[in-house]
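Report on one structure; see the data block that follows.
Number of protein chains: 2
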Amino acid sequence: MIRAALHNGVAITDPSRAVSIDDRGFNYGDGLFETTLLRAGSIRFLDTHLQRLRSGAERLGIEVPSALEADIANLSASCGDGVLKIVITRGPGGRGYRPSPGAPVNRILSVHPLPATGESSGLTLRWCEMRLSRNAALAGMKHLNRLEQVMAQNEWHDPGIDEGLVCDTEGELVSATASNVFIVRNGALQTPDLRFSGVRGVMRSQVLRVAAELGIPCTEEPLWPHDLEEANEVFLTNAVRGIRPVAELQERRWQTFPMSSRLSQALKL
Amino acid sequence: MIRAALHNGVAITDPSRAVSIDDRGFNYGDGLFETTLLRAGSIRFLDTHLQRLRSGAERLGIEVPSALEADIANLSASCGDGVLKIVITRGPGGRGYRPSPGAPVNRILSVHPLPATGESSGLTLRWCEMRLSRNAALAGMKHLNRLEQVMAQNEWHDPGIDEGLVCDTEGELVSATASNVFIVRNGALQTPDLRFSGVRGVMRSQVLRVAAELGIPCTEEPLWPHDLEEANEVFLTNAVRGIRPVAELQERRWQTFPMSSRLSQALKL
């Protein structure tokens, strides 16, 4: 499944023996990741990915290695198309939660096949029972503590369901399990503000940017399940999969997706 | 630092190349761990550790490998004294949060040096600013999503501070960063009920058990910082470090620790 990989700049020859037993990513999820779309040797929205990675690293007190961009360029050039995943962790550590000052940050990059596509008629969604916890200190980052998303995706095995929507522990809408969510009402866009939970997605920030350029009103604010059910149009965003309109959520149906099409065109997805 | 280690029953010869790049523990913190005290070749309270591991694994839908107990016995016998850490993860996976059904669970065991001791006069504590998120679906388990604890321990570097107390996002007392907390008031014990956050510690459950045997009233209930500050005695519990009385928390001082001594004696710590 893994087509090529680098560990601190060195090719990983045996992916089954790559990560140190004392790596703090493995022991505590003490790190960050990015999942990027690699097309013809270059990463779509690379600057936005790096910006989010740096922002998360600053909040966690992890220094992004200066060699990371060269690693990305090397691996991208040799792989053509695929999904390039970047993981950085707070490096090695002893037993115990406290970080060791000055430990070298680990960087692990890998290239995976593109996901299957084919839901051009719109996604079928469900509501997940799993709730996301609230913690402003971790909200927005793409850190490695992802058990809640794992549990949410493990709730359903019906291949007819494309994604699951998740609320936080207070019932506020956050996102889908691996995508952000936007709703359209009266020509305006709304998306959850993610002040307590969720990941500030790269495609989400591209949509916010292009909506502003196109003069489409767009707000980040607290939203609830009923806001979504009352929307004229709903779409999910994800750095690899782009903008995907929603056709079905339980009893609710949507049949036309003019905003999704307009934004996808504007972003040349 | 690591004295010996096993990966799925096989000795790890190079700890820096041990874990697979697609291990779900590394990618998502999708697993559990136990930190145990190894003395003269056997693990203190092993049954309680295994019970908690099995309970967490059942909640996450991970099957505890039947070979785990043999691994523990082999490593314990060869190492004498130390801290034996057990990690199980949901095994390998593709890119994406959804678990692959039937993937083999990974088990990684390692033996580390015993921690330094020497705060026999009682611990000095601080309050952490980092809050723990609330999520009943994950509360109590010793899972691998530990960024909150990492951030909390990273708040202070004063070697005169032994541990930090943490509250949840609503301000309720949960625990210390790597220990549970008990308070004594009028001869009775109280400890946070951990219904939303925290880890149900092995030493905590031993204290609850022995208190019942000794006829000491003991309740698990919601507690707040003022409950702790008003207590006659406070102590922390941890599977490796045992029962440790608290001498100092900001302006508050405690000078005698009769309950801590009585419980330590009863548990033969």
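Protein chains in written order, with the working numbering: chain A, -16 to 252; chain B, -16 to 252. The beta carbon of each residue, even a glycine, is placed where N, CA and C say it ideally should be.
### Message
For A/Ser247, tell me which candidate among A/Val193, A/Ala1, A/Leu36 and A/His95 has the shortest Cα-Cα distance.
### Response
Your numbering for residue 247 of chain A matches position 264 in the first sequence. Ranking A/Val193, A/Ala1, A/Leu36 and A/His95 by Cα distance to A/Ser247 puts A/Val193 first.
### Task
Pick out the complete beta strand (DSSP E) segments inside the stretch 164 to 247 of chain B, 3 residues or longer, and give them in chain order.
171 to 175, 201 to 204, 216 to 221 and 225 to 232
### Message
For B/Leu58, which residues in the same chain have their Cβ closer than 7 Å to its Cβ, ignoring the five residues on either side in sequence?
### Response
In the second sequence, the residue the question calls residue 58 of chain B occupies position 75. Excluding residues within five positions, the ones whose Cβ falls inside 7 Å are Ala(-13), Leu(-11), Leu67, Leu92 and Val94.
### Three-state class that DSSP yields for B/Pro146 in the structure shown
The residue labelled residue 146 of chain B in the question sits at position 163 within the second sequence. According to the sequence provided, residue 146 of chain B is Glu. The question's Pro does not apply to it. Note: B/Glu146 maps to strand in three-state DSSP.
### Query
Within the 8 Å Cβ cut-off, does A/Arg114 reach chain B?
Stepping through the first sequence from its first residue, residue 114 of chain A is reached at position 131. So, interface residue.
#### Entry: Residues of its chain near A/Gly65, where Cβ-Cβ distance is below 7 Å and the 5 sequence neighbours each way are ignored
The residue you call residue 65 of chain A lines up with position 82 of the first sequence. Excluding sequence neighbours, A/Gly65 sits near Arg(-14), Leu21, Val94, His95, Pro96 and Leu97.
### Task
May I ask you to list, following chain order, the residues of the stretch 7 to 18 of chain A that have a beta carbon less than 8 Å from some beta carbon of chain B?
Arg7, Gly8, Phe9, Asn10, Tyr11, Gly12, Asp13, Phe16 and Thr18
### For B/Ala122 and B/Ser180, believed in contact at Cβ under 8 Å, the rounded distance
The sequence position of residue 180 of chain B within the second sequence is 197, counting from 1. The sequence position of residue 122 of chain B within the second sequence is 139, counting from 1. Indeed they touch by this definition, with Cβ atoms about 6 Å apart.
#### Entry: Which of helix, strand or coil DSSP assigns to A/Arg42
Within the first sequence, numbered from 1, the residue matching residue 42 of chain A stands at position 59. Correct three-state label for A/Arg42: helix.
### Task
Determine, using beta carbons only, whether B/Val217 comes closer than 8 Å to chain D.
No chain D appears in the structure shown, which is made up of the protein chains A and B.
### Task
Please report how far the alpha carbon of B/Arg7 lies from the alpha carbon of A/Gly44, in whole angstroms.
On the second sequence, position 24 is the one that residue 7 of chain B refers to. On the first sequence, position 61 is the one that residue 44 of chain A refers to. Near 24 Å, if we compare the C-alpha coordinates of A/Gly44 and B/Arg7.
### Message
Which same chain residues end up closer than 6 Å to A/Pro82 when comparing Cβ atoms and leaving out the 5 residues on each side of it in sequence?
### Response
Here the question's residue 82 of chain A lines up with position 99 in the first sequence. The answer, listed in chain order, is Arg73.
### Query
Do B/Leu148 and B/Gly14 have their C-beta atoms within less than 8 Å of each other?
The count along the second sequence starts at 1 and reaches residue 148 of chain B at position 165. The count along the second sequence starts at 1 and reaches residue 14 of chain B at position 31. No, the Cβ-Cβ distance between B/Leu148 and B/Gly14 is not below 8 Å.
### Task
Report yes if the C-beta distance between A/Pro228 and A/Glu216 is below 8 Å; otherwise report no.
In the first sequence, the residue the question calls residue 228 of chain A occupies position 245. In the first sequence, the residue the question calls residue 216 of chain A occupies position 233. Yes, the pair counts as a contact, with Cβ atoms nearer than the cut-off.
### Task
Starting from the Cα of A/Gln132, find the closest Cα among A/Val(-7), A/Gly198, A/Met113 and A/Asp145 and give me that residue.
Here residue 132 of chain A refers to the residue found at position 149 when the first sequence is read from its first residue. Checked all of A/Val(-7), A/Gly198, A/Met113 and A/Asp145; the closest Cα to A/Gln132 is A/Met113.
### Query
Looking at the C-beta of A/Pro82, does it have a partner C-beta in chain B at a distance below 8 Å?
The sequence position of residue 82 of chain A within the first sequence is 99, counting from 1. Yes, A/Pro82 counts as interfacial toward chain B.
### Task
Compare the beta carbon distance of A/Arg0 and B/Ala1 with 8 Å and say whether it is the shorter of the two.
Here residue 0 of chain A is taken as the residue at index 17 of the first sequence, counted from 1. Here residue 1 of chain B is taken as the residue at index 18 of the second sequence, counted from 1. Contact flag set, yes.
#### Entry: Where B/Ala(-12) meets chain A, residues with beta-carbon distance less than 8 Å
Here residue -12 of chain B refers to the residue found at position 5 when the second sequence is read from its first residue. Correct list: Ile4.
### Span of the alpha helix (DSSP H), counted from its first residue to its last, around A/Glu52
Indexing the first sequence from 1 puts residue 52 of chain A at position 69. Note, A/Glu52: alpha helix (DSSP H), Leu51 to Cys62.
### Message
Within 8 Å of any Cβ in chain A, is that where the Cβ of B/Gln238 sits?
### Response
Here residue 238 of chain B refers to the residue found at position 255 when the second sequence is read from its first residue. It does not: the Cβ of B/Gln238 has no partner Cβ on chain A nearer than 8 Å.
### Query
Of all the CB atoms in chain A, is at least one closer than 8 Å to the CB of B/Glu155?
To locate residue 155 of chain B, count along the second sequence from 1; it is residue 172. So, not an interface residue.
### Query
Taking all protein chains shown into account, do 16 or more other C-beta atoms lie within 10 angstroms of the C-beta of A/His32, making it buried, or fewer, making it exposed?
Indexing the first sequence from 1 puts residue 32 of chain A at position 49. With 16 or more other Cβ atoms within 10 Å, it is buried.
### Query
Apart from the five residues on each side of it in sequence, which residues of its chain come closer than 7 Å, Cβ to Cβ, to B/Asp145?
As a working note, residue 145 of chain B is residue 162 in the second sequence. For B/Asp145, where only same-chain residues beyond five positions count, the Cβ hits under 7 Å are Glu102, Leu106, Thr107 and Leu108.
### Task
Would you kindly report the start and end of the unbroken alpha helix (DSSP H) that includes A/Gly24?
Taking the first residue of the first sequence as 1, we reach residue 24 of chain A at position 41. Counting along the chain, A/Gly24 falls outside any alpha helix (DSSP H), and DSSP gives it neither H nor E.
### Proximal residues to A/Ala195 (C-beta, below 8 Å), its chain only, five neighbours per side dropped
As a first step, residue 195 of chain A must be located in the first sequence, where it is residue number 212. Result list for A/Ala195: Cys201, in chain order.
### Task
Report the rounded CA-to-CA distance for A/Ile69 versus B/Trp237, giving the unit in angstroms.
Stepping through the first sequence from its first residue, residue 69 of chain A is reached at position 86. Stepping through the second sequence from its first residue, residue 237 of chain B is reached at position 254. Distance between the alpha carbons of A/Ile69 and B/Trp237 is about 49 Å.
#### Entry: Residues of the stretch 134 to 151 of chain A whose Cβ lies closer than 7 Å to any Cβ of chain B, in chain order
Met134, Gln136 and Asn137
### Residue(s) in a DSSP beta bridge with A/Phe16
Sequence index remark: in the first sequence, residue 16 of chain A carries index 33 (1-based). The partner list for A/Phe16 (beta bridge, DSSP) reads A/Val70.
### Contact set between A/Pro(-2) and chain B, taken where Cβ atoms lie within less than 7 Å
By one-based count along the first sequence, residue -2 of chain A stands at place 15. Those are Ser3, Ile4 and Asp5, listed as they occur along chain B.
### Query
Okay, do the stretch 37 to 56 of chain B and the stretch 156 to 166 of chain B touch, 3+ Cβ pairs below 8 Å being the bar?
no
### Task
Scan the stretch 37 to 66 of chain B for residues whose Cβ lies nearer than 8 Å to a Cβ of chain A and list them as they occur along the chain.
Leu43, Gly44 and Val66
### Task
For A/Arg168, count neighbouring Cβ atoms within 10 angstroms of its own Cβ and tell me buried if that reaches 16, exposed if not.
One-based indexing of the first sequence puts residue 168 of chain A at position 185. It counts as exposed.
### Message
Within the continuous beta strand (DSSP E) that includes B/Leu108, where are the two ends?
### Response
By one-based count along the second sequence, residue 108 of chain B stands at place 125. Note, B/Leu108: beta strand (DSSP E), Leu106 to Trp110.
### Query
In angstroms, rounded to a whole number, what distance separates the CA positions of B/Glu203 and B/Thr174?
Sequence index remark: in the second sequence, residue 203 of chain B carries index 220 (1-based). Sequence index remark: in the second sequence, residue 174 of chain B carries index 191 (1-based). Distance between the alpha carbons of B/Glu203 and B/Thr174 is about 5 Å.
### Task
Let me know the secondary structure DSSP gives B/Asp6 once reduced to three states.
Translated into positions along the second sequence, residue 6 of chain B becomes position 23. B/Asp6: strand per DSSP, three-state reduction.
### Task
With a 10 Å radius around its C-beta and 16 neighbouring C-beta atoms as the bar for buried, classify B/Met(-16) as buried or exposed.
What you label residue -16 of chain B is simply residue 1 of the second sequence in a count that begins at 1. It counts as exposed.
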